[in-house]
Amino acid sequence: MALPITRDTGISRYLQLDAPHVKDFELVNDQNETPSDLLRKAKVLVIGAGGLGCEILKNLAMSGFNDIHVIDMDTIDISNLNRQFLFRKDDVGKPKAEVAAAFIKRRSPQVNITPHFKRIQEMSEDFYLSFTLIVCGLDSIEARRWINALICGLVEERGFEGFKPIVDGGTEGLRGNARVILPTVNACLDCGLDLYGKKTAYPICTIANTPRLPEHCIEWASVLEWPRVFPDKKLDGDSPDDINWVVEKASARAAEFNIGQISYSLAQGVVKNIIPAIASTNAIVAAVCTNEALKIVTTCNPLLDNYMFYSGLEGAYMFSFPYERNPDCLVCGKKEGALTLPATSTLEELITALKESPVFQLKAPTLTLGEAKLYFQNPRELEALTRPNLAKSIGSLFDSGSILTVTDPTLTTSLSVVVTFTPAKQ
Amino acid sequence: MRPKLYDRQLRLWQESGQAALECARICVFGSSALASEALKNLVLPGGMNHQRNSKHQMYHVYHVLTALLPKLGIGAFVVVDDGVVSEQDMATNFFVGPDDGGKLRAQCIVQGLCELNPDVSGSAVTRSPAELLASIDPADVQLVPSATLVIACAQPDSVVCDLSRRCWLARVPFIAADSAGFFARLRTSIPEHAVVESHVEMPFDLRLVAPFPALRSFIDEIDLDALDSTDLGHVPFLVILTKALEKWSLDTGTVVGPGGLPLAKRKLLQRQIMSMAPTPDEENFTEASNNAQQYCVPYKFPPAIAQILDDQAAVAPVDDHTKADKFWLLVRALKAYVQSDHAKGALPLDGTIPDMKADTKRYIALQRVYKQKAAQDIAEFAGHVSQVLAAASLPPDYISSDEVAAFCRNASRLRLLRFTPLHDELEGAPCSPGNLVAAEAVGHYVLFRASNRFETKHGRYPGVQPETGLAELPDADFVKKDAEELTGIANTMLSEWGMADAKVDDELAMEFARSGHCELHNIAAIAGGIIAQEAIKLATRQYVPENSLCIVDGVKARNFVAKI
């Protein structure tokens, strides 16, 4: 069939010429739409306007996407400028989403770009339903899990109308990864939760009693000393005064125990859990993500199935493999977790297990058993009312095999957890 | 300001790497999206700082390139290209503006890039690379010595070969890259690249089998039988592990072989360790048991380092380069160190130990044992460095004590990369076709080469309309016909290289013809990111660059890498 052929601007070739690697590539679909129409009509949500987000926005605009929204709750910090290339020194303190959108608009006036200086949790379900796909450039696992849970929930509620592919990228130093999530079709983000690993956690008894590393002294100063000295003030990792206080306290402790030097940079790194980040790695990962976004919308080449890993530590290694769905996934699988603990464990220990277990990685779980409120994180009155339960043994609160209902800020819906008792240790 | 601005990258390459990056002078041939994207990732981290580079050094590059054009602003990076901004550029090259159509592209991107970082300055040489190189005597290697790195983006083979040859002679790292639709190709070429701070991840060097004297006495001074259960719970695992291993060896008459303990024997040892624990889940005893496999192994000299010590350049300096090259001088000192009575055939200890369950006092004392041994090794090594420098008639401070210490600490992580010249490859066959086959990269590689041969023959790339060029797209039959011819050329080339067994996949050839050798923004961004990472590794001499070919496949979202 002869189609009107437009100018060859690179991308147009891929929208108008046969795709040898795609079996059923359609130059016109049954809705009488061409791949060019699909690209023009696609409405993309970019979550995060940081290191990855700036790259993602640029790439989408330069790939022919026309309708782009970007959401980010952050403002620009000086330490962003070594990679977040849509920002300048004069922009420090301004909202990332707005400055990034304005820059893209100046460079590509034909693109419609809408910024949202908001938290993702503030937006309605209808907002998310209005997009064709979502591209995430986030540095927080918590935010990733939240959006993943929401989007997986949309498919279940609404079927195809709620089906929103997610492309997700992440980097650390010279390494990074990208994944394509087709909710309920392939592995979701929670299926591979253990891939993300956990923040280095130092045991509290080490911090309190047997520090060995400079990091232990910094944790002592920031986690134990700070709340004791300033019970009403949160430690701000970006405040030089606060970090200097930590450096001073940690240095004193380090000197007492003959432990090495505490630098400002190390202290801030531990307090903020800073992950090294550079422009080049962000460029690679973001472009892999947007290349997949282009394929999802136009079908011009097969999709990444479904996980890409990059490492520049030794050579330039980029590999992709199909990460399997987890039938026990808490979000897209059977939605029921299981936990085995001795009956003598306290409710607090159970909560710690929910936070530390690689399967759950919850942040602040609230627990109920049928009508019974076991523990509530908030409001304050309910927290106070249920707090005495924390010290009680779980054996005194419920029977083995009970199904607890758990809610948590990382989840959009509640989760059932079966708690089975093991014989107590001698 | 600066430490804050560069905080996230200083955590990767420290001040030393940052200084090297800021002192870099980079010359880029080409100004398409590929060049823009690569440069963006080098300008942002503050590479090519104009204050760190003397005007004289940069003027030299500029002077030769512009062939005596009047002096303009001299920057620390130079972009050479005479192209003008086309519609295609405005669609794919982020660093040209919406109103730049028809302007000189190199000037546009230099301006856009310099806005990213006020510490960096660049300049454009708006001449055709081919014509410019033709005007400079090929024997004049002066073109490149003052550049730290040369990058060619989307340049014809003739330009790439010319640059590769000049860079090779001047021992300046050269990266050539181009793309064809969803595919990109990168090739690094330099005679030799040595890395001291490779950051290669390795197990800790603890030397528990045959402990050095200070570690020996530390272990002997702890009497496990005399400790109560609380104290026992705080003994560092490596003391427990060493004691258990030694007692068990004595009791069973078992000597630990070079590969460590076989599984069955290790299980017995682990059982013995746990039987010594005051409670069944004592953390430090569990650590001892879990680490039995990794650390119950006699010291093994790393083969990669043995190879470096046996290299001709370490045995006898062969040319002017190796005579005064710091790396090889240090390698010669290391060779002497290893043969000394002090070292007894082992490399210097780096002195780091893992964190482990232990009380503060014992852990710090143990840490000190290792650190002191590492300091002694550095002192011994420094003596050998002095002798090597004296023998080479070089001043004693030719290599700073910081450099000596850094080399010593990284002695087991040294990496030496030797490349083959890209110009020889492009004028003939790849040196190691077997590696291409093993990397499954034959198809992509030969199709890139065949596309260039097609272009030489027809004056256009496969899939591009003759005459109308980019003004009109070809039809499906036209693309198919070009793909068939491309496959034919590729198979001929494979025969020429003695690789007739390898055949080109039809679908892959179709995908190349479909591309019309166009640049797509996403692929330019991926390849630009990789070029920048490789450039940073080469310029900072930290981390390990790819040796030597990297093909990006955006269809499959993976790379093919091979030493060719």
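Taken in order, these protein sequences are the chains called A and B. Reminder that position 243 of the first sequence reads as 258 in the numbering used here, one-by-one numbering, no gaps. Reminder that position 218 of the second sequence reads as 268 in the numbering used here, one-by-one numbering, no gaps. Backbone N, C-alpha and C fix where the C-beta goes; we use that ideal spot for every residue, glycine too.
According to a CB-to-CB cut-off of less than 9 Å, which residues of the segment 521–547 of chain B neighbour chain A? Along the segment 521–547 of chain B, the positions whose C-beta sits under 9 Å from a C-beta of chain A are Ala521, Glu522, Leu523, Pro524, Asp525, Ala526, Val529, Lys530, Ala533, read in chain order.
Residue-level contact to chain A via CB, B:Phe144, 7 Å cutoff: For B:Phe144, the answer is yes, since a Cβ of chain A falls inside 7 Å of its Cβ.
Going along chain A in order, which residues have a C-beta closer than 8 Å to the C-beta of B:Arg608? The contacting residues are Met323, Met333, Phe334, Ser335.
Segments of 4+ residues assigned as alpha helix (DSSP H) that fall wholly inside the segment 278–359 of chain A: Entirely contained in the segment 278–359 of chain A, the alpha helix (DSSP H) runs reaching 4 residues are, in chain order, 279–287, 294–313.
Inter-residue Cα distance where the pair is B:Tyr413 and B:Glu242: Near 42 Å, if we compare the C-alpha coordinates of B:Glu242 and B:Tyr413.
Select from the segment 212–236 of chain A all residues with a C-beta closer than 7 Å to any C-beta belonging to chain B, and list them in chain order. In summary, the residues of the segment 212–236 of chain A whose CB is separated from some CB of chain B by less than 7 Å are Thr225, Pro226, Arg227, Leu228, in the order they occur in the chain.
Could you tell me the alpha carbon to alpha carbon distance between A:Asp251 and A:Gly63, rounded to whole angstroms? Their Cα atoms are separated by approximately 21 Å.
Taking only beta-carbon atoms, is A:Asn201 less than 7 Å away from chain E? Checking the listed chains, one finds no chain E in this structure; the protein chains it contains are A and B.
Report yes or no: do three or more beta-carbon pairs, one from the segment 159–167 of chain B and one from the segment 201–214 of chain B, lie closer than 8 Å? Taking 8 Å as the limit for Cβ pairs, the verdict is that the segment 201–214 of chain B does not touch the segment 159–167 of chain B.
For A:Gly79, the nearest candidate out of A:Pro380, A:Leu345, A:Lys248, A:Gly25 (CA to CA): Put simply, of A:Pro380, A:Leu345, A:Lys248, A:Gly25 the residue whose alpha carbon is nearest the alpha carbon of A:Gly79 is A:Gly25.
I need the straight-line Cα distance from A:Gly66 to A:Gly184, nearest angstrom please. Taking the straight line joining both Cα atoms gives about 11 Å.
The beta strand (DSSP E) spanning B:Arg237 covers which residue range? Unbroken beta strand (DSSP E) run through B:Arg237: 233–239.
Just by C-beta distance, which residues in the segment 141–175 of chain A are closer than 8 Å to chain B? Answer set for the segment 141–175 of chain A: empty.
State buried or exposed for B:Ile124, treating a residue as buried only when at least 16 other CB atoms are found within 10 Å of its CB. Here B:Ile124 scores only 38 on pLDDT, less than 50, and its place in the model is too uncertain to base an answer on.
Kindly list, in the order they appear in chain B, the residues whose Cβ is closer than 8 Å to that of A:Thr296. Identification of chain B residues near A:Thr296 by a Cβ-Cβ cut-off of 8 Å yields Gly579, Gln583, ordered along the chain.
In chain B, which residues lie less than 8 Å from A:Ala115 when you measure between Cβ atoms? Residues of chain B whose Cβ lies closer than 8 Å to the Cβ of A:Ala115 do not exist, since the nearest Cβ in that chain is about 13 Å away.
If we ignore side chains and look at the alpha-carbon of each, how far apart do B:Ser482 and B:Lys553 end up? C-alpha of B:Ser482 to C-alpha of B:Lys553: approximately 17 Å in a straight line.
CB contact below 7 Å: B:Tyr1 versus chain A: Residue 1 of chain B cannot be examined here, being either before or after the span of chain B that is shown, 51 to 614.
Excluding five sequence neighbours on each side, which residues of the same chain lie with their C-beta closer than 8 Å to the C-beta of A:Ala298? Taken in chain order, the residues that qualify are Glu70.
Let me confirm a value: A:Ser237 is counted as buried when at least 16 other C-beta atoms fall within 10 Å, else exposed. Which label applies? The residue in question, A:Ser237, is buried, as its Cβ has 16 or more Cβ neighbours within 10 Å.
Are A:Asn97 and B:Pro367 close, meaning C-beta to C-beta below 7 Å? It is not a contact, given that the beta carbons lie outside the stated cut-off.
Out of A:Glu396, A:Gln376, A:Thr420, A:Glu363, point me to the one whose CA is closest to A:Lys407's CA. Comparing alpha carbon positions, the residue from A:Glu396, A:Gln376, A:Thr420, A:Glu363 closest to A:Lys407 is A:Glu363.
For A:Ile20, count neighbouring C-beta atoms within 10 Å of its own C-beta (all shown protein chains included) and say buried if the count is 16 or more, exposed if not. Its pLDDT being 45, under 50, A:Ile20 is placed unreliably in this model, and the value from its coordinates should be taken loosely. With a threshold of 16 other beta carbon atoms within 10 Å, A:Ile20 falls short and is exposed.
Along the segment 587–600 of chain B, where does the CB come closer than 8 Å to a CB of chain A? Name the residues. Of all residues in the segment 587–600 of chain B, Lys587, Tyr593, Val594, Pro595, Glu596, Asn597, Cys600 have a Cβ within less than 8 Å of some Cβ in chain A.
Spatially closest choice to B:Ser443 from B:Ile186, B:Lys373, B:Ser173, by CA coordinates: The candidate whose alpha carbon is nearest that of B:Ser443 is B:Lys373.
Please say whether B:Val200 and B:Val222 have beta carbons closer to each other than 7 Å? Their beta carbons are under 7 Å apart, which means B:Val222 touches B:Val200 by this criterion.
Return the CA-CA distance between B:Asp139 and B:Ser81, expressed in angstroms with no decimal places. In this structure, the straight-line span from the alpha carbon of B:Asp139 to that of B:Ser81 is close to 10 Å.
Start and end residues, beta strand (DSSP E) containing A:Pro130: Element bounds for A:Pro130: 127–131.
Can you tell me where the alpha helix (DSSP H) with B:Tyr420 in it begins and where it stops? 410–441 is the extent of the alpha helix (DSSP H) around B:Tyr420.
Counting beta carbon pairs with one atom in the segment 220–235 of chain B and one in the segment 601–608 of chain B, are three or more of them shorter than 8 Å? The segment 601–608 of chain B makes contact with the segment 220–235 of chain B; the number of CB pairs closer than 8 Å reaches 3 or more.
Is there a Cβ from chain B that is less than 7 Å from the Cβ of A:Ile20? Unreliable placement is indicated for A:Ile20, whose pLDDT of 45 sits below 50; the coordinate value is still reported in the next sentence. True, the Cβ-Cβ gap to chain B drops below 7 Å.
Which bits of chain A does B:Glu65 rub up against, with CB to CB less than 9 Å? Going along chain A, no residue has its Cβ under 9 Å from B:Glu65, so there is no contact; the nearest lies around 11 Å.
Whose CA, out of B:Leu464, B:Ala488, B:Pro352, lies closest to the CA of B:Val594? Checked all of B:Leu464, B:Ala488, B:Pro352; the closest Cα to B:Val594 is B:Leu464.
Under the three-state DSSP convention, the category B:Gln592 falls into: Note: B:Gln592 maps to strand in three-state DSSP.
If I measure Cβ to Cβ from A:Val114 and keep anything under 7 Å in the same chain, skipping five residues before and after, which residues do I get? Result list for A:Val114: Ile91, Leu101, Phe102, Asp106, in chain order.
Go to A:Thr66, then tell me how far its alpha helix (DSSP H) extends in each direction, as first and last residue. Thr is not the amino acid found at residue 66 of chain A; the sequence shown has Gly there. A:Gly66 -> alpha helix (DSSP H) spans 66–77.
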